[in-house]
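Peer 1: Residue numbers (the working numbering): 1 to 424.
Heads up, the beta-carbon is just placed ideally off N, CA and C, and yes, glycines get one too.
For clarity, every value in this text was computed on a predicted model and none was experimentally measured.
Submitted below is the structure of interest, expressed as structure tokens.
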RNA sequence: GGAGAGAUGGCUGAGUGGUUGAAAGCGGCACCCUGCUAAGGUGUUAUACCCCCUCCGGGGUAUCGAGGGUUCGAAUCCCUCUCUCUCCGCCA
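In structure tokens form, the structure reads like this:
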């Protein structure tokens, strides 16, 4: 949610942002400005009417205690007559307020000036590349390798739950656990506080990070209890501080949180979803930051670097994309995607997405801080994966594959795998 | 799941219809006193929104778990819901 004053003062800026983000109709802004005006008028009228009524009610109290019954009775008559008007205005104000809020939720965040304007993923800018693109033809896709070893059992996953819910078995399960621990430990060393979070959230939380209303279909629900399975740790971790005010000296606050993630991914089929490429349940280690506004773009770079560090340490080849306006999503001002090279598939796989939201999430969640002057201001939030497990796993299974069909263990993971050199 | 109790400001905790946004204490902040420390004194200290000012500041409305109701007036009375605590049951 944008600051209403920005929309009021620079409507053209907002409209341009909407067009750059791929929306075609900017009349939303005008509708909002009109609704906002009507709402303000209603608030003004309602407040003054209530004020008048309150003043008289207090007077009645005074008169009653002095025993001036007749005068009091006249005032009771007057205020009694105001009740209907107040009730009517209350309904009107509430309706306009909800309308205004609903419109504000539909206006996307404004991209940062450093973000390239573009329409599709083809307009994203490859900003950095690390490592060589291994192209050995004998390298098998990870799903073939894991099938041979019985490491990942997709079929039984289908039997037990459904497509996209695989079992990891033996060395693969341990490798997955090793990666999780390695990611969390590294983030902790770099100043993040580890958090373990609920895997289900209530409606308020889903609304806070914006899954409701626009991305409701991505989540699995638990209707009986009104809960949502989290699609990312961002949801519980960001909401951890919902409705709170940070003291200046406590910022920045940085969390690392491992959770499974559940996504319905309705409508995706084909080779994009082969093997570990896209699952309904997957593990992810997420990095979340609450920062002072003036530092948020520096914090974005360091967040991105924290994620990239993991990839380099793992010895994987990757590239960093600076997402263009049209491909970066509704809530972000600037976003980097990190894509790891998959030698067995000869394609890039997205393993991290690092974003600055500025105050867009914070305003909706009412997360604020007290600045130098003691006044309360919206802070900025950022998050990024550090990292999403399945595709990292896929890349390792291919990048570290040996002609023998065994798997070499990446150096940094050895301590987590009992010092083993190879798996298989 | 059953029975009972409760939900008030950063915290503890008063307050059962009238100038209560809310006593008191603690904590926080500012200043004073003090050779230093400890102690002490004075003041200040919720949030959201609207309006004026738009540097400082001023006015109004709402909020005492949430939502509805009674009333001229509700933290206080009524209804519904949620959550917490205690005891019992169950249990990783």
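Between residue 143 and residue 278, is the Cβ-Cβ spacing less than 8 Å?
Peer 2: No; because the gap between Cβ atoms is not below 8 Å, this pair is not in contact.
Peer 1: For the structure I just gave you, are there three or more beta carbon pairs, one from the segment 106 to 124 and one from the segment 252 to 260, closer than 8 Å?
Peer 2: Too few Cβ pairs lie closer than 8 Å, so no.
Peer 1: Please report the straight-line C-alpha distance between residue 148 and residue 301, rounded to a whole angstrom.
Peer 2: When rounded, the distance between both Cα atoms is 41 Å.
Peer 1: For residue 380, which of helix, strand or coil comes out of DSSP?
Peer 2: Of the three classes helix, strand and coil, the one that applies to residue 380 here is strand, per DSSP.
Peer 1: First and last residue of the beta strand (DSSP E) that includes residue 262?
Peer 2: 253 to 262 is the span of the beta strand (DSSP E), which, as asked, contains residue 262.
Peer 1: Roughly how many angstroms lie between the CA atoms of residue 424 and residue 403, to the nearest whole one?
Peer 2: Between residue 424 and residue 403, the C-alpha separation is close to 12 Å.
Peer 1: Starting from the Cα of residue 90, find the closest Cα among 158, 42, 70 and 18 and give me that residue.
Peer 2: Nearest C-alpha to residue 90: 42.
Peer 1: Quickly, what does DSSP pair residue 354 with across the bridge? List them, please.
Peer 2: According to DSSP, which records beta bridges pairwise, residue 354 is partnered with 336.
Peer 1: Curious, which full-length alpha helix (DSSP H) runs of at least 4 residues does the segment 19 to 96 contain?
Peer 2: The segment 19 to 96 contains these whole alpha helix (DSSP H) runs: 27 to 66.
Peer 1: Can you tell me where the beta strand (DSSP E) with residue 126 in it begins and where it stops?
Peer 2: Where residue 126 is concerned, the enclosing beta strand (DSSP E) stretches over 125 to 130.
Peer 1: Short check: CB of residue 104 to CB of residue 13, under 8 Å?
Peer 2: Cβ atoms of residue 104 and residue 13: not closer than 8 Å.
Peer 1: Exposed or buried, residue 102, counting other C-beta atoms within 10 Å across all chains shown (16 or more means buried)?
Peer 2: By the neighbour-count rule (16 or more Cβ atoms within 10 Å), residue 102 is not buried but exposed.
Peer 1: Measure the C-alpha to C-alpha separation of residue 439 and residue 366 and round it to an integer number of angstroms.
Peer 2: Past the edges of the chain, shown from 1 to 424, lies residue 439, and the structure says nothing about it.
Peer 1: By the 10 Å Cβ neighbour count, where 16 or more other Cβ atoms means buried, how is residue 160 classified, buried or exposed?
Peer 2: By the 10 Å Cβ count, residue 160 comes out exposed.
Peer 1: Anyone know if the C-beta pair for residue 237 and residue 195 falls short of 8 Å?
Peer 2: Going by C-beta atoms, residue 237 is nearer than 8 Å to residue 195.
Peer 1: Is the segment 312 to 322 in contact with the segment 406 to 413, if contact means three or more CB pairs nearer than 8 Å?
Peer 2: These segments touch.
Peer 1: Looking at the strands, I want to know which residues DSSP matches up with residue 298.
Peer 2: Partner(s): none; residue 298 has no beta bridge.
Peer 1: What's the call for residue 20, buried or exposed, on a 16-neighbour Cβ count within 10 Å?
Peer 2: Per the 10 Å Cβ criterion, buried.
Peer 1: Can the beta-carbon of residue 199 be found closer than 8 Å to that of residue 229?
Peer 2: Their beta carbons are under 8 Å apart, which means residue 199 touches residue 229 by this criterion.
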